[in-house]
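Some notes on the structure that comes next.
Chains as they are written, first to last, in my numbering: chain A, 31 to 321; chain B, 31 to 321.
Below, the structure is given as structure tokens:
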């Protein structure tokens, strides 16, 4: 990381501003530039001193940067790539923190110039809070970060991104963009849809009787609708196939209940219980959760 | 509650043995008799002194009781009612802690003798732990307890049950058995099926990437499969209709994602987010949760 003098983060939401704060803590000498589209965000970001410099000029903000990190909703990535294209220096590394990876790779190969390396990142951190007000320099401490690479990925750029996220406290995993999107459709995007569907299929008058179980099962549905709409659309194929699998499992239980097949109901519920118990044992062993 | 001399609890699992402990704490003078089917449970219950007397003889255990509380899986209720029938004294109140209420009322009216009053209770307490080893005399402190009544319910018996659960620390709600089963299909039984389906539709190899969101969404699927099979079967009509509604909501999202309708996806996710935000506000106001 010795040659880095400037890192620009595009988007000063919770993730983006936590990255600039994390950089200041881990690499004191690196200049951080934060780009924000909205004037009110820029004013707050300046008040909170989350970066060395806050800018409303995208091209200006990436000029001179050795690394540019996109932390905006996924669907503006392509436009951002196109806009910043001519301002990016030779050898600059572009990355992002989006929750899907196939589309960003496609947009990067279409819009970024030769001599600029794109490496898609997905640090799995955040909270139900949004905005620069909640920025924390330790947001990524202990978080999982999936780094993605294709056959064309520059190994040196990949190494730099690995060192970067490791310095911010992340545990790293390497996947192809395709594998990433398939896995996260199943463990993140479909569960989000399921939580929202569970709430939407229940009358408000009945929800007031909901206990802790319901609250936990539906928690992730409190996430921002616009961000999640982006994610679902950017991973549409995997998400629709995942919903089909979920529906098929629900209908298995429905059929067993409807025809009074106790053994079959118990088999389905016990399979889930055992699978989750194995998952918990695995997570305890890897110290991802504590008992 | 002044005339109670003996309360018998049938079933010495977590709930049953927590009830006998709670009775000892709240009504010191009342004799508690705990019935357990299995010798190993009786031995542990005696070692832990969870009741004044532990018995393996159902008729003997209910003889002389002014109140009998069933805390076994739902599907043995009818057999239990039939077996204890001749041993129940005139004026005895029979209740239960089952998670569905329509079926127990049906079985009670079929099997219990005249002069014995049945009032179905559903205290919403428990934990992922099972068994007499986890019994606590404060398990019901602050818990919601749904009391159910029909046109035929004896008001004096209902009043005694209300005083009983209130003394154990419950907040009380009154519903008809039909309303109870409809509401709890939606806020408890269908969410359980959804959590299990979510796990079953995901490969074990992918589950290892699951984060906190997935773990919360699937938590209730760790509940005991035999108990939940009972619950689903005893509430089959409401549960299958609930699954249909959940499937319909999932397919709405699938169609919107598949056809790239961003506005529609956002509308569905935002509806869920808002509904849950309103629910949280309501629960904060009622002090059911703390911020």
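Glycine is no exception: its CB is placed at the ideal position from the N, C-alpha and C atoms.
Model, not experiment: these values are computed from the prediction.
Local Cβ density within 10 Å of residue i, reported as buried at 16 or more and exposed below that
{"i": "residue 159/B", "result": "exposed"}
{"i": "residue 103/B", "result": "buried"}
{"i": "residue 143/A", "result": "exposed"}
{"i": "residue 70/B", "result": "exposed"}
{"i": "residue 87/B", "result": "exposed"}
{"i": "residue 231/A", "result": "buried"}
{"i": "residue 314/B", "result": "exposed"}
{"i": "residue 74/A", "result": "buried"}
{"i": "residue 317/B", "result": "exposed"}
{"i": "residue 66/A", "result": "buried"}
Beta-carbon proximity check, residue i vs residue j, cutoff 7 Å
{"i": "residue 154/B", "j": "residue 243/A", "result": "no"}
{"i": "residue 191/B", "j": "residue 130/B", "result": "no"}
{"i": "residue 34/B", "j": "residue 96/B", "result": "yes"}
{"i": "residue 177/B", "j": "residue 151/B", "result": "yes"}
{"i": "residue 221/A", "j": "residue 228/B", "result": "yes"}
{"i": "residue 48/B", "j": "residue 179/B", "result": "no"}
{"i": "residue 252/B", "j": "residue 311/A", "result": "no"}
{"i": "residue 296/A", "j": "residue 256/B", "result": "yes"}
{"i": "residue 162/A", "j": "residue 42/A", "result": "yes"}
{"i": "residue 258/A", "j": "residue 203/B", "result": "no"}
{"i": "residue 247/B", "j": "residue 225/A", "result": "yes"}
{"i": "residue 219/A", "j": "residue 269/A", "result": "yes"}
{"i": "residue 216/B", "j": "residue 272/B", "result": "yes"}
CB contact below 7 Å: residue i versus chain A
{"i": "residue 244/B", "result": "yes"}
{"i": "residue 221/B", "result": "yes"}
{"i": "residue 284/B", "result": "yes"}
{"i": "residue 38/B", "result": "no"}
{"i": "residue 90/B", "result": "no"}
{"i": "residue 280/B", "result": "yes"}
{"i": "residue 288/B", "result": "yes"}
{"i": "residue 7/B", "result": "Only positions 31 to 321 of chain B appear in the structure, and residue 7/B is not among them; the question remains open."}
{"i": "residue 155/B", "result": "no"}
{"i": "residue 300/B", "result": "yes"}
{"i": "residue 206/B", "result": "no"}
{"i": "residue 198/B", "result": "no"}
{"i": "residue 314/B", "result": "no"}
Proximal residues of chain B, C-beta to C-beta of residue i below 9 Å
{"i": "residue 159/A", "result": "The contacting residues do not exist; residue 159/A stays about 13 Å from chain B at best."}
Any chain B beta carbon closer than 7 Å to residue i
{"i": "residue 306/A", "result": "yes"}
{"i": "residue 266/A", "result": "yes"}
{"i": "residue 296/A", "result": "yes"}
{"i": "residue 177/A", "result": "no"}
{"i": "residue 47/A", "result": "no"}
{"i": "residue 169/A", "result": "no"}
{"i": "residue 273/A", "result": "yes"}
Proximal chain A residues relative to residue i, where beta-carbon distance stays under 7 Å
{"i": "residue 248/B", "result": "306"}
{"i": "residue 228/B", "result": "221, 224, 276"}
{"i": "residue 195/B", "result": "Residues of chain A passing the Cβ test: none, with the nearest at roughly 16 Å."}
{"i": "residue 232/B", "result": "216, 217"}
{"i": "residue 255/B", "result": "296, 299, 300, 303"}
Listed by chain order, chain B residues near residue i by CB distance under 7 Å
{"i": "residue 213/A", "result": "236, 239"}
Proximal chain A residues relative to residue i, where beta-carbon distance stays under 8 Å
{"i": "residue 133/B", "result": "The premise fails here: residue 133/B is roughly 13 Å from chain A at the closest Cβ pair, so nothing lies under 8 Å."}
{"i": "residue 136/B", "result": "Those do not exist, as residue 136/B stays about 16 Å from chain A at its closest Cβ, beyond 8 Å."}
{"i": "residue 251/B", "result": "299, 302, 303, 306"}
{"i": "residue 322/B", "result": "Absent from the model: residue 322/B. The displayed extent of chain B is 31 to 321, so no value can be given."}
{"i": "residue 259/B", "result": "292, 295, 296, 299"}
Whole-Å CB distance - residue i paired with residue j, under 8 Å assumed
{"i": "residue 262/B", "j": "residue 98/A", "result": "Going by Cβ atoms, the distance from residue 262/B to residue 98/A rounds to 52 Å, so no, they are not a contact pair."}
{"i": "residue 309/A", "j": "residue 277/B", "result": "That pair is no contact at about 25 Å."}
{"i": "residue 82/B", "j": "residue 61/B", "result": "5 Å"}
{"i": "residue 200/B", "j": "residue 174/B", "result": "7 Å"}
{"i": "residue 145/B", "j": "residue 120/B", "result": "4 Å"}
Residue i: contacting residues in chain B (beta-carbon distance under 8 Å)
{"i": "residue 263/A", "result": "287, 290, 292, 295"}
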